[in-house]
Amino acid sequence: MSDTEGSSSENDWAPGALDGLVVADFTRVLAGPYATMMLADLGADVVKIERPGAGDDTRTWGPPFTADGTATYFASVNRNKKSVTLDLRDPDDLARARAIALQADVVIENFRAGTMERLGLGYDQLRSERPDLVYCSITGFGRDGGAALPGYDLLVQAVGGLMSVTGSGPDEPVKVGVAVVDVLAGLHAGLGILAALRHRDRTGQGQRVDVDLFSASLSSLVNQASGFLNAGVVPAPMGNRHPSITPYQVFSTATRPIALAVGNNGQFEKAVEVLGRPELAADERFTSNSARVAHRDELVDEITTVLVTKDADHWYAEFTAAGVPAGPINSVAEAFDFADELGIDVRASTPDSAIVTTANPIRLSGTPVTYRSGPPKLGADNN
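First residue of the sequence shown? That's 1 in UniProt numbering, and the numbers climb one at a time after it.
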């Protein structure tokens with residue numbers, strides 16, 4: 001079991017913030033399952049509806065697999081859930097699925113637009129019997145003009161502009177190393193569901209929550225999108241550099257690279273002091289962030305000339321001691337080790353499973369998250 005603050009013994013779970021909330025989960029792969037796992041961690045009772053004999057697509061997405069044969073991809077987003085297998089093409093199973101949906105507080109689905117309606121499980125069809133139902137749909141490109149487009153994370157990163165600002169140059173677009181748009185869409189879905197539940201608490205009325213990956217991706221471009229919308233600037237990939245801040249990038253050292261994130265003049269003065277080049281802070285080319293951005297190449301050359309004389313560990317220690325944001329480029333293994341050094345519990349385990357997952361990053365002082373059960377075996381809760 002995780003020793004995360006607030007964890008309890010197997011049969012002595014403290015009520016979570018969402019204790020008593022029932023979620024009928026018709027999602028698969030990543031965006032939806034991530035959202036429902038967040039809700040489950042907070043205490044919701046999540047019933048995952050899966051295809052008989054196959055289940056969620058990610059059950060077969062491997063290697064790697066855990067020691068008991070579970071795909072680590074599936075394990076990453078499906079703890080604290082029940083699994084019920086239903087063939088939605090079968091009238092009896094479909095009737096049971098409808099019953100589960102009508103007994104739930106929240107229905108969440110990520111089928112192609114129109115699929116749930118064809119099955120009789122659409123929002124309007126369920127709302128007629130449950131006006132207090134919160135119903136969340138996650139699509140790739142919405143329910144209108146983009147309804148027929150497949151919602152794959154790579155595709156959305158490509159057409160949504162994210163790949164156009166990621167990579168070393170315009171001829172080498174690069175996707176983010178995880179399906180980040182799915183994760184962002186899942187987080188937006190969870191937030192939308194909680195907002196709809198708060199509205200229901202006040203009025204007794206449910207509502208529909210729509211989240212599409214494309215919109216979530218564009219929203220998450222934040223400053224890059226704002227630069228286009230308000231200044232007409234179409235951003236281009238800059239590798240590890242920042243379009244509006246300098247020095248804010250990865251630098252070479254005598255050993256491995258280091259990230260240096262100088263966000264203001266005070267940090268810049270401390271940084272050049274560490275480098276033994278305090279005169280750079282008074283150089284008119286570098287006296288403000290705007291000036292540093294305008295003379296980025298000259299400044300990067302000045303900094304790199306010094307950094308390559310010593311190893312990354314030396315510079316990390318020196319910059320950190322001076323209050324300058326800096327850090328080595330850690331592997332995933334090193335990142336978990338670093339969390340251990342900081343005393344941050346980032347691993348979660350459950351009483352019924354040897355599978356370890358990444359801890360929920362939400363820390364609540366009164367109703368902490370709990371890790372009650374591992375990713376379910378297919379159909380484990382059919383009876």
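Every residue gets a Cβ at the ideal spot worked out from N, C-alpha and C, and that includes glycine.
Rounded to whole angstroms, what's the CA-CA distance from residue i to residue j? Just pull it up for me.
{"i": "VAL324", "j": "ASN110", "result": "43 Å"}
{"i": "LEU162", "j": "ASN223", "result": "12 Å"}
{"i": "ALA35", "j": "ASP153", "result": "15 Å"}
{"i": "ASP3", "j": "SER365", "result": "Caution is warranted here: a pLDDT of 40 is assigned to ASP3, below 50, making its placement in the model unreliable, and no coordinate value can be reported."}
{"i": "VAL180", "j": "THR166", "result": "13 Å"}
{"i": "SER128", "j": "LEU102", "result": "10 Å"}
{"i": "ARG347", "j": "ALA282", "result": "46 Å"}
{"i": "ALA333", "j": "ASP92", "result": "47 Å"}
{"i": "TYR73", "j": "THR60", "result": "9 Å"}
{"i": "PRO237", "j": "ILE344", "result": "33 Å"}
{"i": "LEU275", "j": "ARG112", "result": "55 Å"}
{"i": "SER331", "j": "LEU213", "result": "28 Å"}
{"i": "ARG189", "j": "ALA196", "result": "Correcting the residue type first, residue 189 is Ala in the shown sequence and not Arg. In a straight line, the C-alpha of ALA189 is about 10 Å away from that of ALA196."}
{"i": "ALA225", "j": "LEU218", "result": "7 Å"}
{"i": "ALA158", "j": "PHE228", "result": "17 Å"}
{"i": "LEU221", "j": "PRO170", "result": "17 Å"}
{"i": "LEU88", "j": "ALA97", "result": "8 Å"}
{"i": "ASP25", "j": "PRO150", "result": "20 Å"}
{"i": "THR253", "j": "ALA261", "result": "15 Å"}
{"i": "ASN240", "j": "PRO64", "result": "29 Å"}
{"i": "ARG256", "j": "VAL308", "result": "10 Å"}
{"i": "SER164", "j": "ARG198", "result": "38 Å"}
{"i": "PRO278", "j": "PHE286", "result": "11 Å"}
{"i": "ASN11", "j": "ASP19", "result": "Annotation note: pLDDT 48 at ASN11 (below 50); position unreliable, no value reported."}
{"i": "GLY55", "j": "GLY145", "result": "29 Å"}
{"i": "LEU299", "j": "ARG292", "result": "7 Å"}
{"i": "ALA44", "j": "MET38", "result": "9 Å"}
{"i": "GLY16", "j": "TYR371", "result": "11 Å"}
{"i": "GLY114", "j": "ASP57", "result": "20 Å"}
{"i": "GLY62", "j": "TRP13", "result": "33 Å"}
Classify residue i as buried or exposed, calling it buried when 16 or more other Cβ atoms lie within 10 Å of its own Cβ.
{"i": "GLY374", "result": "buried"}
{"i": "LEU342", "result": "exposed"}
{"i": "GLN267", "result": "buried"}
{"i": "GLY263", "result": "exposed"}
{"i": "LEU86", "result": "buried"}
{"i": "SER8", "result": "At SER8 the pLDDT is 40, less than 50, meaning the model places this residue with poor confidence; the figure from the coordinates comes in the next sentence. Burial call: exposed."}
{"i": "LYS81", "result": "buried"}
{"i": "VAL23", "result": "buried"}
{"i": "ASN382", "result": "exposed"}
{"i": "ASN78", "result": "buried"}
{"i": "THR320", "result": "exposed"}
{"i": "ARG202", "result": "exposed"}
{"i": "VAL250", "result": "exposed"}
{"i": "THR305", "result": "exposed"}
{"i": "ARG363", "result": "exposed"}
{"i": "ALA75", "result": "buried"}
My assumption, with CB atoms under 8 Å, is that residue i sits in contact with residue j. Please give the rounded CB distance.
{"i": "ILE303", "j": "PRO243", "result": "Their Cβ separation, rounded to whole angstroms, is 18 Å, which puts ILE303 and PRO243 out of contact at 8 Å."}
{"i": "VAL107", "j": "LEU94", "result": "With 8 Å as the limit, VAL107 and LEU94 do not qualify as a contact, their Cβ atoms being about 14 Å apart."}
{"i": "ASN360", "j": "ASP41", "result": "4 Å"}
{"i": "SER83", "j": "GLY379", "result": "6 Å"}
{"i": "ILE245", "j": "TRP315", "result": "About 19 Å separates the two Cβ atoms, so there is no contact after all."}
{"i": "THR27", "j": "ILE193", "result": "With a Cβ gap of about 12 Å, THR27 and ILE193 do not count as contacting."}
{"i": "VAL156", "j": "GLY140", "result": "7 Å"}
What I want to know is whether the C-beta of residue i ends up closer than 7 Å to one or more non-hydrogen atoms of the ligand SAM.
{"i": "ASP56", "result": "Because no ligand of any kind appears in the structure shown, any question about the ligand SAM cannot be addressed here."}
* **the segment 348-367 contacting the segment 62-77, beta-carbon criterion three pairs below 8 Å** => yes
* Run through the segment 106-187 for me and flag every whole alpha helix (DSSP H) of 4 or more residues, listed as ranges in chain order. => 115-118, 123-127, 153-159
* **beta strand (DSSP E) runs contained entirely in the segment 9-83, provided each spans 3 or more residues** => 22-26, 45-50
* **Three CB pairs or more closer than 8 Å across the segment 34-49 and the segment 116-125** => no
* To do: Give a yes or no on contact between the segment 29-45 and the segment 179-189, applying the rule of three or more CB pairs nearer than 8 Å.
  => yes
* Asked: Given 8 Å as the limit, is there contact between the segment 334-341 and the segment 270-289, that is, 3 or more CB pairs closer than that?
  -> no
* Is the number of C-beta pairs between the segment 202-220 and the segment 127-138 that are closer than 8 Å three or more? -> yes
* Can you check the segment 295-342 for any alpha helix (DSSP H) of at least 4 residues that lies completely inside it and give the ranges in chain order? => 296-307, 312-321, 332-342
* Completely contained beta strand (DSSP E) runs for the segment 251-301, where each covers 3 or more residues -> 258-261
* Can you give, in chain order, each stretch of the alpha helix (DSSP H) that sits fully within the segment 189-258 and has at least 4 residues? -> 213-219, 222-231
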